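J.: The numbering used here numbers the first residue of the sequence shown as 1 and each following residue consecutively.
All C-beta atoms in this analysis are idealised placements derived from N, C-alpha and C, irrespective of residue type, glycine included.
It should be emphasised that the depicted structure is a prediction, and the values quoted were computed from it without experimental measurement.
My questions will all concern the structure given below.
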Amino acid sequence: MAQEAAKLGHTPKLIAPHLVRPYVKSNKNDFADAEAICEAATRPTMRFVPAKTQAQQALAMSNSIRESFIKDRTATVNRIHAALLEVGVSLAAGFKAIRELPALLEVSSFSERIKKNLMLLHGHFNYLDGQVKALDKDVECQAAEDDLATRLMTIPCVGPITSTVLAAELGDGKQFKCGRGYAASIGLVPKQHSTGGKTVLLGISKRGDRNQRRLLIQCARVYLIQVDRQKGALADWVRQLIASHHHSNLVVCALANKLARIAWAIAAHHTEFDAGPAAMNA
């Protein structure tokens, strides 16, 4: 709808629903919602969500479908394990044992009905597994074709999945004034609970998009494992944190915050990752 409104010459602005809710004065209905939206839109400090382009929507859709197939595949594997436990068989963990299920059923003494049900689950697993592999290749192709995703992959330990997710959400990055704004939007900054002039900082806020935060933290963990092979100011900064005897989880969150800021700088300034001093100021 935002794209169609833009074609007609309007400037669409999207507002997150949880920011509109405080302005609803009565029970929920279309009239009260419209009044609350108008009231929220006039606030000078209101934060708006930029409308995605079709390219961003395609990236987001591919990753969303892939994640749903992965969850369904995991659920199917658990169903197979549970069904086999009902008949006294415990399979080893991992996909290899699931793929070898037909051979197990051939030598088993199960009834034909049980074998048929298990093969139905096995066929569903094979379908989902094939779809996930196909989407993996599709996401890799989209990452190679998308300019921002390609530049984001210059960041150490950022691959096609993370780069396409970030590219779909960041766009040109102009919706944030600085990298800290983007890091805060996905919950990678300390939660503040200050009063009376006393500043109290807690753990990360964990606000915003959980998927982006999860992927950046995974990238940070991989970077931490490979830090001895990394070079540049970013690697020196991470090694300094480790040498200060900080807990590994604290280092990971700090690095994920830094990676988010670097990703914003790459999107907003149309650059690539630089392992030198410029990376420290991103």
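Do the stretch 31–43 and the stretch 144–153 touch if we need at least three Cβ pairs shorter than 8 Å?
T.: Result no; under three Cβ-Cβ pairs closer than 8 Å.
J.: Report the residue ranges of all alpha helix (DSSP H) runs contained in full by the stretch 98–167; include only those spanning at least 4 residues, in chain order.
T.: 101–106, 112–145 and 147–152
J.: Return the CA-CA distance between residue 161 and residue 139, expressed in angstroms with no decimal places.
T.: 7 Å
J.: If I'm right that residue 186 touches residue 208 with Cβ under 8 Å, what's the distance once you round it to whole angstroms?
T.: 4 Å
J.: May I ask you to report which of helix, strand or coil DSSP gives residue 204?
T.: strand
J.: Along the chain, which unbroken stretches of the beta strand (DSSP E) at least 3 residues long are found entirely within the stretch 189–233?
T.: 190–192 and 201–204
J.: Counting along the chain, where does the alpha helix (DSSP H) carrying residue 47 start and finish?
T.: Here residue 47 belongs to no alpha helix (DSSP H), and DSSP marks it neither H nor E.
J.: What is the rounded straight-line gap between the Cα of residue 60 and the Cα of residue 213?
T.: 15 Å
J.: Going by DSSP in three states, residue 8 sits in which element: helix, strand or coil?
T.: coil
J.: Could you round the C-beta distance between residue 267 and residue 170 to whole angstroms and report it? I think they count as a contact, below 8 Å.
T.: 4 Å
J.: Just to check my reading of the structure: residue 308 and residue 98 have Cβ atoms closer than 8 Å, yes? What is that Cβ distance to the nearest angstrom?
T.: Absent from the model: residue 308. The displayed extent of the chain is 1 to 282, so no value can be given.
J.: Output the distance between the C-alpha atoms of residue 80 and residue 211, rounded to the nearest integer angstrom.
T.: 27 Å
J.: What do you reckon, is the C-beta of residue 119 under 7 Å from a heavy atom of the ligand SAM?
T.: As for the ligand SAM, it is missing from this structure, which has no ligand bound.
J.: Compare the Cα-Cα distances from residue 236 to each of 275, 222 and 21 and report the closest residue.
T.: 275
J.: Quick check: the Cα distance between residue 223 and residue 258, rounded to an integer number of angstroms?
T.: 12 Å
J.: Using the DSSP secondary-structure output, state which residues sit across from residue 14 in a beta bridge.
T.: 49
J.: Express the C-alpha separation of residue 252 and residue 56 in angstroms, rounding to a whole number.
T.: 28 Å
J.: Rounded to a whole number of angstroms, what is the C-alpha to C-alpha distance between residue 280 and residue 133?
T.: Note that residue 280 scores a pLDDT of 43, beneath 50, so its modelled location is shaky and nothing firm can be said.
J.: Could you tell me the boundaries of the alpha helix (DSSP H) in which residue 91 lies?
T.: Following the DSSP letters along the chain, one finds residue 91 in no alpha helix (DSSP H), marked with neither H nor E.
J.: If you measure between the beta carbons of residue 284 and residue 167, is that distance less than 8 Å?
T.: Past the edges of the chain, shown from 1 to 282, lies residue 284, and the structure says nothing about it.
J.: Return the residue from the list 103, 107, 78 and 83 that minimises the CA-CA distance to residue 93.
T.: 78
J.: Starting from residue 33, trace the alpha helix (DSSP H) in both directions and tell me its first and last residue.
T.: 30–41
J.: Just to check my reading of the structure: residue 19 and residue 46 have Cβ atoms closer than 8 Å, yes? What is that Cβ distance to the nearest angstrom?
T.: Confirmed, Cβ separation roughly 7 Å.
J.: Can you find the residues in the same chain that come closer than 7 Å, C-beta to C-beta, to residue 70, ignoring five residues on each side of it along the sequence?
T.: 132
J.: Does the beta-carbon distance from residue 164 to residue 63 come in below 8 Å?
T.: yes
J.: Once the 5 residues before and after residue 149 are set aside, which same chain residues still bring their CB inside 6 Å of it?
T.: 143, 163, 164 and 167, listed in sequence order.
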